[in-house]
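Undergrad:
There are 2 protein chains.
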Amino acid sequence: MRYRRVPDETVRRLSVYLRGLLFLAKQGRQNISSRDLADFLGVNPWQIRKDLSYFGGFGTPGVGYKTEKLTKQIKKILKLDSVHKTALVGVGNLGSAVLAYPGFRIYGFNIAAAFDTDPKKIGRKVKNITIEDVSNLQTLKRRKINLAIITVPRDAAQQTADALVKAGVKGILNFSPCHITVPKKVKVITLDIARVLARLPYYMSAS
Amino acid sequence: MRYRRVPDETVRRLSVYLRGLLFLAKQGRQNISSRDLADFLGVNPWQIRKDLSYFGGFGTPGVGYKTEKLTKQIKKILKLDSVHKTALVGVGNLGSAVLAYPGFRIYGFNIAAAFDTDPKKIGRKVKNITIEDVSNLQTLKRRKINLAIITVPRDAAQQTADALVKAGVKGILNFSPCHITVPKKVKVITLDIARVLARLPYYMSAS
């Protein structure tokens, strides 16, 4: 829907490279060639070089990339070099699972608020976060939370997005397998779990 | 880790095109240009044409693609033109949410079995599926289930994958934010929820 100089696909792949680099750095790897990084991630080496060239390119021919330095640089490009407070709306099974998900901190995310409509859930604590009434969503701006995760039932996804946008949220990760309409200044990524599964059969019959 | 003529990235994008086409077809759209499809999906038009060219290309210059025909063709390429019985291991919050997820059928997936280690859960029904003991995993081959979803705690992910591979599973969707090692003939996709969230901040500050 939007055109920028850097394609969405490049931004997506940068996050893939970052995950790989974080893993390799943890294993003590200090340098890596675009070829080895590509092998590790299952992408093309030229693609890595091309994507990084949007931002100036960081490798040394024949030597490769310094793992730690490139990690920092990609974090900076993706604006992940500071902590992002994030809200979650919909504390059902999926919402509870996301609240308990152990992988957010490594990217600098802090799930700082959770909301639901169910009076039985409001006031309860999940992972040290007290569940609030969705009518409190309007407090997000004051609390400087401009990132949100939607884990409500599909029928409630659009109205939840509308409320989040009204509350000043600029980025939404939507888990409902449906199309959400928001103003242009707001970025929505819809994570359709079934679509990810849909990539597997291709490989299963090929091997 | 593996090299094929068709890059993993192309397979991934085909699933993105498919989701868009399924949505557009539902809205009654019969034809679409690569430009309009690209706009709708937030990708580059040349990328769509290039990806489809691996399989012969299906559009007519100046006219575009027939939505229904292209949908069928991509389903065939991705081996989604038949039903895939799928097992799920780990019926915690995330597993329960995945079992209840409404988006699988459109891609031809049938979640046909669910497993857990918790005696309190075994025998219970979730969405018409009776939860079985993980010791039953070995029955998957006989039941012709060769696709599986792992929603167990991170520490149990590798041993679950090992058991699934032993049971003849050829494709695994892993929700644990960790690296899983499997034989080459098995394809694993790790869906790291935090990594998807990590794509948002880039856009939020840019707008």
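Protein chains in written order, with the working numbering: chain A, 5 to 211; chain B, 5 to 211. Glycine included, each C-beta is placed from N, C-alpha and C at the ideal position. In this text, all values refer to a predicted model and were calculated from it rather than measured experimentally.
#1: Exposed or buried, A:M5, counting other C-beta atoms within 10 Å across all chains shown (16 or more means buried)?
#2: Output the distance between the C-alpha atoms of B:I81 and A:Y206, rounded to the nearest integer angstrom.
#3: May I ask which residues mark the beginning and end of the beta strand (DSSP E) holding B:T90?
#4: Kindly confirm or deny that the segment 139-156 of chain A and the segment 83-101 of chain A touch, where touching means at least three C-beta pairs closer than 8 Å.
#5: By DSSP, does A:R8 sit in helix, in strand, or in coil?
#6: Along chain B, which residues have their Cβ under 8 Å away from the Cβ of A:K191?
#7: For A:A167, would you say it is in contact with chain B, using Cβ-to-Cβ distances shorter than 8 Å as the test?
#8: So, under 8 Å CB-CB, B:A161 and B:S139 are touching, yes? Tell me the CB distance rounded to an integer number of Å.
#9: Is B:A198 helix, strand or coil when you go by DSSP?
#10: As a quick exercise: from A:V130, A:T194, A:G172 and A:G68, pick the residue whose alpha carbon is nearest that of A:R146.
#11: With 8 Å as the threshold, decide whether the Cβ of B:A91 is near any Cβ in chain A.
#12: Select from A:K30, A:R33, A:D166 and A:F59 the residue whose C-alpha is nearest the C-alpha of A:Q14.
#13: For A:Y21, which option in A:A118, A:E72 and A:G32 has the closest C-alpha, if you only look at C-alpha atoms?
#14: How about A:R53 and B:I193: are their beta carbons less than 8 Å apart?
#15: Counting C-beta neighbours from all protein chains within 10 Å, is the total for A:R8 16 or more, i.e. buried, or is it exposed?
#16: Below 6 Å CB to CB, which residues in the same chain sit around B:A198 once its five sequence neighbours on both sides are set aside?
#17: On the CB-based measure, 16 or more other CB atoms within 10 Å of its CB, does B:L201 come out buried or exposed?
#18: Cβ atoms of A:A101 and B:L98: under 8 Å apart, would you say?
#19: Can you give me the C-alpha to C-alpha distance between A:N35 and A:D85, rounded to a whole angstrom?
#20: Quick one: what's got a C-beta closer than 8 Å to B:V130's C-beta in the same chain, skipping five residues either side?
#21: Using the rule of at least 16 other Cβ atoms within 10 Å of the residue's Cβ for burial, across every protein chain shown, is A:G24 buried or exposed?
#22: What are the boundary residues of the beta strand (DSSP E) that includes B:L151?
#23: When Cβ atoms are compared, which residues of the segment 119-138 of chain B fall closer than 8 Å to chain A?
#24: How long is the line joining the alpha carbons of B:F44 and B:F27, rounded to whole angstroms?
#25: Suppose the cutoff is 8 Å on Cβ atoms and the five residues either side in sequence are ignored; what does the same chain contact list for A:K174 look like?
#26: Check whether chain A comes within 8 Å of B:D12, counting only Cβ atoms and requiring the distance to be less than that.
TA: In brief:
#1: The predicted position of A:M5 is uncertain, since its pLDDT is 35 and thus under 50; a value taken from the coordinates is nonetheless stated next. So A:M5 ends up on the exposed side.
#2: 7 Å
#3: Note, B:T90: beta strand (DSSP E), H88 to V93.
#4: yes
#5: With a pLDDT of only 47 at A:R8, under 50, the local geometry of the prediction cannot be trusted, and the value read off the model is given with reservation. For A:R8, the three-state secondary structure derived from DSSP is coil.
#6: L204, Y207, M208 and S211
#7: no
#8: In fact, because the Cβ distance is near 18 Å, the residues do not count as touching under 8 Å.
#9: Three-state DSSP puts B:A198 in a helix.
#10: A:G172
#11: no
#12: Per the sequence shown, residue 14 of chain A should be read as Thr rather than Gln. Taking only the C-alpha atoms, the option nearest A:T14 is A:F59.
#13: A:E72
#14: No, Cβ-Cβ distance for A:R53 and B:I193 is not below 8 Å.
#15: Residue placement at A:R8 is flagged as unreliable, the pLDDT there being 47, under the threshold of 50; the coordinate-derived value follows with that caveat. It counts as exposed.
#16: The same chain holds no residue with a CB closer than 6 Å to that of B:A198 once the five nearest residues on each side in sequence are set aside.
#17: Residue burial is scored here from C-beta neighbours: B:L201 has at least 16 other C-beta atoms within 10 angstroms and is therefore classed as buried.
#18: yes
#19: 21 Å
#20: Non-local beta-carbon contacts of B:V130 in its own chain, meaning distances under 8 Å to residues more than five positions away in sequence, involve V95, S100, L103, A104 and A118 in chain order.
#21: Buried is the call here.
#22: L151 to I154
#23: none
#24: Distance between the alpha carbons of B:F44 and B:F27 is about 10 Å.
#25: N150, L151, K189, V190 and K191
#26: For B:D12, a Cβ of chain A is located within less than 8 Å of the residue's own Cβ.
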